[in-house]
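Below is one structure, written out as structure tokens, with a few remarks after it.
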Amino acid sequence: MIDAFLNILKEKAPVSEDDCQKLKQICEKDREGVMTCALDFKLVEERFILETFEQIYTIPFVRDLPLQELKDKGLSVLSRQFLKKKFIVPLIKESGLPVIAINDPADLNCVDDVTSILGFDDYTLVLAPRNQILTAINLLFDQSGESAQQLVEDMEEDDYTIIRDFEQTADLLDDTSDAPVIRLVNHMISQAVKTGASDIHIEPFQETMIIRYRIDGILYEMLTPPKRIQAPLISRIKVMAKMDIAEKRVPQDGRAQVRIGEQEIDIRISTVPTAYGERLVMRLLNKSGYFLEFSEFGLSRENYTLIHKIIRQNNGIVLVTGPTGSGKTTSLYAALSEINSPDKNIITIEDPIEYNLKGIGQIQVNPKTGVTFAKGLRSVVRQDPDIVLIGEIRDLETAEIAIQSALTGHLVFSTLHTNDSAGAVTRLVDLGVEPYLIASAVNSVIAQRLVRILCSECKEEYILDASHIRMLNGVGHAHIGQPAFNPKGCSKCFNTGYLGREAIFEIMLLSDELKSLVIETSDANRIRSAALSAGMATLRQDGMVKVLKGITSIQEVLRVTQQ
-17 MIDAFLNILK EKAPVSEDDC QKLKQICEKD REGVMTCALD FKLVEERFIL
33 ETFEQIYTIP FVRDLPLQEL KDKGLSVLSR QFLKKKFIVP LIKESGLPVI
83 AINDPADLNC VDDVTSILGF DDYTLVLAPR NQILTAINLL FDQSGESAQQ
133 LVEDMEEDDY TIIRDFEQTA DLLDDTSDAP VIRLVNHMIS QAVKTGASDI
183 HIEPFQETMI IRYRIDGILY EMLTPPKRIQ APLISRIKVM AKMDIAEKRV
233 PQDGRAQVRI GEQEIDIRIS TVPTAYGERL VMRLLNKSGY FLEFSEFGLS
283 RENYTLIHKI IRQNNGIVLV TGPTGSGKTT SLYAALSEIN SPDKNIITIE
333 DPIEYNLKGI GQIQVNPKTG VTFAKGLRSV VRQDPDIVLI GEIRDLETAE
383 IAIQSALTGH LVFSTLHTND SAGAVTRLVD LGVEPYLIAS AVNSVIAQRL
433 VRILCSECKE EYILDASHIR MLNGVGHAHI GQPAFNPKGC SKCFNTGYLG
483 REAIFEIMLL SDELKSLVIE TSDANRIRSA ALSAGMATLR QDGMVKVLKG
533 ITSIQEVLRV TQQ
């Protein structure tokens, strides 16, 4: 069978004869099967293997399973672990024959087991990629599984007051522990990842506790468990982060890593003591998440052209400014991804490392071992870098090293916490940097914010009038009478009226005139006025462009641009 498989595979995929012989030898020694061996060997993409199996076994290959049509009809009798181990999932639709998706047609015994348990007399068999099968399994068990509220109600009837310390399972969704607190924590994390939440807040009060998720930058109350489960809930999370569960009087920080399906989630956990118990926040970082490229940012043509030019300079500092959670790091990662090439040596120093970038050296700040931004940066500049990314300029020492790096022929990217682009100059002067050094080293400052995108299913159209324009201090006066949209709310967007986010930008290029002004003064208002006279578009003006395109609302632009 292996010879027939390899002969067909060579027709479909670019594989060498040597690779085929290596795979043949591995398959003859290993009883795991051709599919598992081929994927582990990383000889070829999975789709080519499935197309080959399609021809050999005459089982149709489906690239995308119809996940939106799936219905849970008694699938809870099956074991989630069994389905994941065998990469098989039964798909029951409203009409028509049930479909059974498998990944490895060499193991059909599991199909017989599933059809026997579910009582299928007839069905359609298809081949599907592993990630599609795992997604379908998780989706179906989410439909049939317990809700967070049900878990809390179960706990109210349980005298469970202490938590067992055990190692985190390989996949959070495979954890079948009977302890209600453990099931609740696992459910909270998996649901937060599913909804795209960036943080989970557990907030204790005198008689209650509230669990909130931050979704698209806004906190939403999701659950109000009884006060009595506060201690075991906090303790369970502290166990996951290997924190001291007996110490409740001082703040603690920790981290945990879990896997949900094929997603690797890094969780930063922080606790602080309050009057009514410990307050805990979990920051979720999806390590296997997809980060955007600039072409997907929704940039205007003018801003895209400017940024495209800025990130390709040979030296100097490019600063990205904005408050916490405004997407600064995502923008910098997108910049590095776009300019990364084999002939460039790119090194970053970050706290934390949010995404793993292929071909780029990334250093994690660790004050406990003496690796601060400043000390790490001193080592980085000895590594012969072409481009350096500093996660944040926090002190004078870091700022001075960054400027010296820029003046000696390196391109430096970094972030600052300021309200607008002109404020970056004032901030650097406040840190103690000499104005003439700022003028010599800084090429441009990019201020950005994230605005929520209106839900396409429920947004409501209206006509702009003078009252709407007054909300933005006159920005967009020429567009009175044009259509715009307001949020409404539906089940698709969790009744918020918004789904997803896009960035708005304010790009200040330091021209010769602006550099002369920076040497003369650090007054942000004067610098801003000069930049506007030179043609800089403000955050609100860029936001107004998105309002007119129906992407966001005036209220949202106002929310993120208030001084």
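Sequential numbering of the sequence shown, starting at -17, is according to the numbering used here. Yeah, the Cβ is synthetic: ideal placement off N, Cα and C, and Gly gets one too. Note that the coordinates shown come from a computational prediction; the quantities given were computed from them, not determined experimentally.
For residue i, the first and last residue of its enclosing alpha helix (DSSP H)
i	result
glycine 358	355 to 362
threonine 312	310 to 321
glutamine 386	378 to 389
proline 214	212 to 222
isoleucine 70	Run containing isoleucine 70: none in the alpha helix (DSSP H); it sits in the beta strand (DSSP E), 70 to 73.
tyrosine 418	417 to 423
glutamate 203	Glutamate 203 -> not in any alpha helix (DSSP H); beta strand (DSSP E) instead, spanning 200 to 205.
isoleucine 84	First-last for isoleucine 84: 81 to 84, but that is the beta strand (DSSP E), not the alpha helix (DSSP H).
leucine 288	283 to 292
arginine 196	Taken as a continuous stretch (DSSP letters only), arginine 196 belongs to no alpha helix (DSSP H), being part of the beta strand (DSSP E) at 191 to 197.
threonine 543	536 to 543
threonine 97	91 to 100
leucine -9	-16 to -6
Cβ pair residue i, residue j closer than 8 Å
i	j	result
isoleucine 345	valine 362	yes
isoleucine 321	leucine 454	no
valine 93	isoleucine 99	no
leucine 398	glutamine 464	no
alanine 421	lysine 497	yes
isoleucine 372	serine 396	yes
glycine 471	glycine 482	no
isoleucine -10	threonine 34	yes
alanine 317	isoleucine 293	yes
isoleucine 509	alanine 381	no
valine 167	leucine 215	yes
arginine 62	isoleucine 119	yes
threonine 106	leucine 79	yes
histidine 551	valine 263	A question about residue 551 goes unanswered here, because the residues of the chain that appear run from -17 up to 545.
isoleucine 193	alanine 179	no
tyrosine 258	glutamine 365	no
serine 426	leucine 492	yes
Exposure of residue i, with buried meaning 16 or more beta-carbon neighbours within 10 Å
i	result
alanine 448	exposed
leucine -12	buried
proline 208	exposed
tyrosine 195	buried
aspartate 46	exposed
aspartate 0	exposed
serine -2	exposed
valine 527	buried
lysine 310	buried
aspartate 4	The displayed chain sequence assigns lysine, not aspartate, to residue 4. Result: exposed.
lysine 340	exposed
histidine 459	exposed
tyrosine 444	exposed
cysteine 2	buried
aspartate 103	exposed
valine 172	The residue you asked about is not valine; residue 172 is serine in the sequence shown. Buried, because 16 or more other Cβ atoms sit within 10 Å of the Cβ of serine 172.
asparagine 285	buried
glutamine 212	buried
glycine 525	buried
glycine 199	buried
glutamate 332	buried
isoleucine 533	buried
leucine 462	Inspection of the sequence shows that residue 462 is occupied by isoleucine rather than by leucine. Per the 10 Å Cβ criterion, exposed.
Element boundaries [beta strand (DSSP E), containing residue i]
i	result
valine 407	Taken as a continuous stretch (DSSP letters only), valine 407 belongs to no beta strand (DSSP E), being part of the alpha helix (DSSP H) at 405 to 413.
phenylalanine 395	393 to 398
asparagine 268	259 to 268
threonine 330	328 to 332
glutamine 346	343 to 346
arginine 29	Per DSSP, arginine 29 belongs to no beta strand (DSSP E); it is in the alpha helix (DSSP H), 28 to 39.
threonine 306	Neither: threonine 306 is in no beta strand (DSSP E) and is coded neither H nor E.
valine 370	369 to 372
threonine 106	106 to 109
Any chain D beta carbon closer than 8 Å to residue i
i	result
glycine 532	As a matter of chain content, chain D is missing from the structure shown, which is built from one protein chain.
Run through the segment 225 to 253 for me and flag every whole beta strand (DSSP E) of 3 or more residues, listed as ranges in chain order.
-> Within the segment 225 to 253, complete beta strand (DSSP E) segments of at least 3 residues are found at 234 to 242, given in chain order.
With a cut-off of 8 Å, do at least 3 Cβ pairs link the segment 487 to 504 to the segment 424 to 431?
-> Contact between the segment 487 to 504 and the segment 424 to 431 is present, because at least three Cβ pairs lie under 8 Å.
Would you check if there are 3 or more beta carbon pairs closer than 8 Å linking the segment 251 to 271 to the segment 213 to 226?
-> Counting Cβ pairs under 8 Å, three or more are found: they touch.
Can you list, in chain order, the stretches of the alpha helix (DSSP H) that have 4 or more residues and sit fully within the segment 425 to 485?
-> Listed in chain order, the complete alpha helix (DSSP H) runs (minimum 4 residues) inside the segment 425 to 485 are 448 to 453.
Meets three-Cβ-pair contact criterion under 8 Å: the segment 379 to 389 and the segment 293 to 306 = yes
Enumerate, from N- to C-terminal direction, the unbroken alpha helix (DSSP H) stretches of 4 or more residues contained entirely within the segment 496 to 529.
-> 506 to 515
On the three-pair Cβ rule with 8 Å, is the segment 400 to 419 touching the segment 325 to 341?
-> no
In chain order, which continuous runs of the beta strand (DSSP E) of length 3 or greater are located wholly inside the segment 162 to 189?
-> 181 to 186
Between the segment 234 to 246 and the segment 103 to 119, do at least 3 Cβ pairs fall closer than 8 Å?
-> yes
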